[in-house]
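For the record, the sequence lines run as chains A and B. Per the numbering used here, residue 2 is the first one in the first sequence, and the count goes up by one each step. Per the numbering used here, residue 2 is the first one in the second sequence, and the count goes up by one each step. For every residue, glycine included, the Cβ atom is placed at its ideal position computed from N, Cα and C.
Number of protein chains: 2
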Amino acid sequence: MAIESFNAEQHARENLDPRVRRSRQMLHEAMASLLRKKSFEDISIQDIAEESTLNRATFYSHYPDKHTLLQCMIGSRFQELMARREVKLGSCEGALKALALATCDFLLETSRATCGGKAQLEGSVQAAIVAVLRAMLNEGLAYRALNGTVSAEVVTSTVAWAIFGAANTWVQTPERCSAEHMSELIDRLLSSILHSAVAPASNLG
Amino acid sequence: MAIESFNAEQHARENLDPRVRRSRQMLHEAMASLLRKKSFEDISIQDIAEESTLNRATFYSHYPDKHTLLQCMIGSRFQELMARREVKLGSCEGALKALALATCDFLLETSRATCGGKAQLEGSVQAAIVAVLRAMLNEGLAYRALNGTVSAEVVTSTVAWAIFGAANTWVQTPERCSAEHMSELIDRLLSSILHSAVAPASNLG
DNA sequence: CGACAGATGTCGCTTAGTCAACAGAAAAGG
DNA sequence: CCTTTTCTGTTGACTAAGCGACATCTGTCG
Chain A
2 MAIESFNAEQ HARENLDPRV RRSRQMLHEA MASLLRKKSF EDISIQDIAE
52 ESTLNRATFY SHYPDKHTLL QCMIGSRFQE LMARREVKLG SCEGALKALA
102 LATCDFLLET SRATCGGKAQ LEGSVQAAIV AVLRAMLNEG LAYRALNGTV
152 SAEVVTSTVA WAIFGAANTW VQTPERCSAE HMSELIDRLL SSILHSAVAP
202 ASNLG
Chain B
2 MAIESFNAEQ HARENLDPRV RRSRQMLHEA MASLLRKKSF EDISIQDIAE
52 ESTLNRATFY SHYPDKHTLL QCMIGSRFQE LMARREVKLG SCEGALKALA
102 LATCDFLLET SRATCGGKAQ LEGSVQAAIV AVLRAMLNEG LAYRALNGTV
152 SAEVVTSTVA WAIFGAANTW VQTPERCSAE HMSELIDRLL SSILHSAVAP
202 ASNLG
């Protein structure tokens, strides 16, 4: 239920009843707001209903539980950040670095906006972030000629998790370097992996 | 239709369907937002519908026209300002001045948040503001012994319009004094009128 | 002048959200 | 331990909002 509902939420983002868009938006905001006050496991469905001013039954008509809500919230906010920065892999050079930078910024901001400070992210949340990264990487590769040595899915999955892993340990490092510097580092580490998937003629920054 | 619907909106503010509250809130915000971009007469119902992300039919189920919406918006925002400042005529001393100050601040802020800058207020809008003033003055007098020389309604109406008149010309004065000073002035001008309605023993600041 | 694009109210049908009530699963606590 | 309370999912009846369509009523242009 988790990933499917998240994807459904994202893909049909346009032609979607304004009411459900609003309700989900309100549930997202309620969750974000509550996370500033208490830890995730202390948040009840009732809390979410009250904070969002929506009825409890309405919550259940959108999400089966609070984990799924959190996952969808993270995914959609991460995606919004990407959209705001207009991060697109179409424009080769520096795209990978931009992706890494966005991930670093997002994780840092998320951990700051959370009650526990740097509370370890839920497993499902990690998956949500990686899902966005994978989708973007896949889209980036879609327009390129591939050499069939490895499946594109494997490559993008590898790179996506690698970005997440790097960024995640980075935010949890007490004395960390700048996000800018970190993303530069990630770019250098991973660009070769990405190149290994595309045909020699094609070029990916 | 105008005043009645406004009052209905205010009085039943608590036990009111959340959906209705939300929709009206969104319509208010849409109107306020549009007023920053264009003048009132250039705003169409469709504009309001689009800006609020509500359906055009939904607008008509709340307000008969944009004039009524504007009026309700002004009234409710003015009332909110009062509530925020906890202006209450129960606490005698300085209450009238606080009322005047709130009115000055509100009119100034409203004219600033309007496209035309200092565009003359609609007649219905003036009535909305005065209605709030009158209601507060009436409530303030309700707990006091009155000498029957003049009806309380006449007094509060007089004072309310006087406050509005003073504040309104004040905001339209290019080189005006501070709102603080102006409200002090209004207080001195009008407090005697208010006193004329209450019994000698009672005291109203 | 008519043609035409756009705004206005209004209507019927569909769907989302509200609300009260329910039974069952945890916690709390004496 | 058993009671009491709180949270949880779920249901069904009711109401608000969405949507498309329609007949107007503008204003504008050739």
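So that I know if they touch, is there some Cβ in chain B lying closer than 8 angstroms to that of residue i?
i        : result
Thr111/A : no
Pro65/A  : no
What is the residue span of the alpha helix (DSSP H) that residue i lies within?
i        : result
Ser34/A  : Pro19 to Leu36
Gly76/A  : Lys67 to Arg86
Tyr61/A  : Arg57 to Tyr61
Arg135/A : Gly124 to Ala143
Ser152/B : Taken as a continuous stretch (DSSP letters only), Ser152/B belongs to no alpha helix (DSSP H), as it is neither H nor E.
Arg177/B : Per DSSP, Arg177/B belongs to no alpha helix (DSSP H) and is neither H nor E.
Thr104/A : Ala96 to Arg113
Ser53/B  : Ile46 to Ser53
Once the 5 residues before and after residue i are set aside, which same chain residues still bring their CB inside 7 angstroms of it?
i        : result
Ser24/B  : Leu55, Thr59 and His63
Asn8/B   : Only weak support exists for where Asn8/B lies, its pLDDT of 49 falling under 50; the value from the coordinates is given anyway. Nothing meets the Cβ criterion.
Leu109/B : Val172 and Ala180
Ile187/B : Ala101, Ile164 and Ala167
Lys39/B  : Cys116
Arg57/A  : Ile46, Gln47 and Ala50
Under 8 angstroms between C-beta atoms, does residue i make it to chain A?
i        : result
Val172/B : no
Kindly list the residues whose CB is nearer than 6 angstroms to the CB of residue i, restricted to its own chain and excluding five residues on each side of it in sequence; keep chain order.
i        : result
Val191/A : The amino acid at residue 191/A is misidentified as Val; the sequence shows Leu. Within the same chain, Leu191/A has close Cβ partners Val160 and Ala163.
Asn139/A : Thr157
Ser53/A  : Met27, Leu28 and Ala31
Gly141/A : Leu90
Arg177/B : Trp171
Gln127/A : none
State the CB to CB distance for the pair residue i and residue j, rounded to an integer number of angstroms; the pair is presumed to be in contact (CB under 8 angstroms).
i        : j        : result
Leu71/B  : Phe107/B : The pair is not a contact, with the Cβ atoms about 14 angstroms apart (cut-off 8 angstroms).
His68/B  : Ser125/B : 6 angstroms
Leu82/B  : Ala103/B : 6 angstroms
Ile75/A  : Ala129/A : 5 angstroms
Ser184/A : Cys105/A : 6 angstroms
Ala198/A : Ala153/A : 6 angstroms
Give me, in chain order, the residues of the same chain whose beta-carbon lies closer than 8 angstroms to that of residue i; leave out the 5 immediate sequence neighbours on both sides.
i        : result
Ala114/B : Ala33, Leu36 and Arg37
Ile44/A  : Met32, Leu35, Leu36 and Lys67
Arg86/B  : Ala99 and Ala103
Ile194/B : Val156, Thr159, Val160 and Ala163
Val88/B  : Ala96, Ala99, Leu100, Ala103 and Met137
- Task: Can you give me, in chain order, the residues of the segment 47-64 of chain A that have a beta carbon less than 9 angstroms from any beta carbon in chain B?
- Result: Thr54, Leu55 and Asn56
- Task: Check each residue of the segment 14-32 of chain A: if its Cβ is closer than 7 angstroms to any Cβ of chain B, include it; give the result in chain order.
- Result: Pro19
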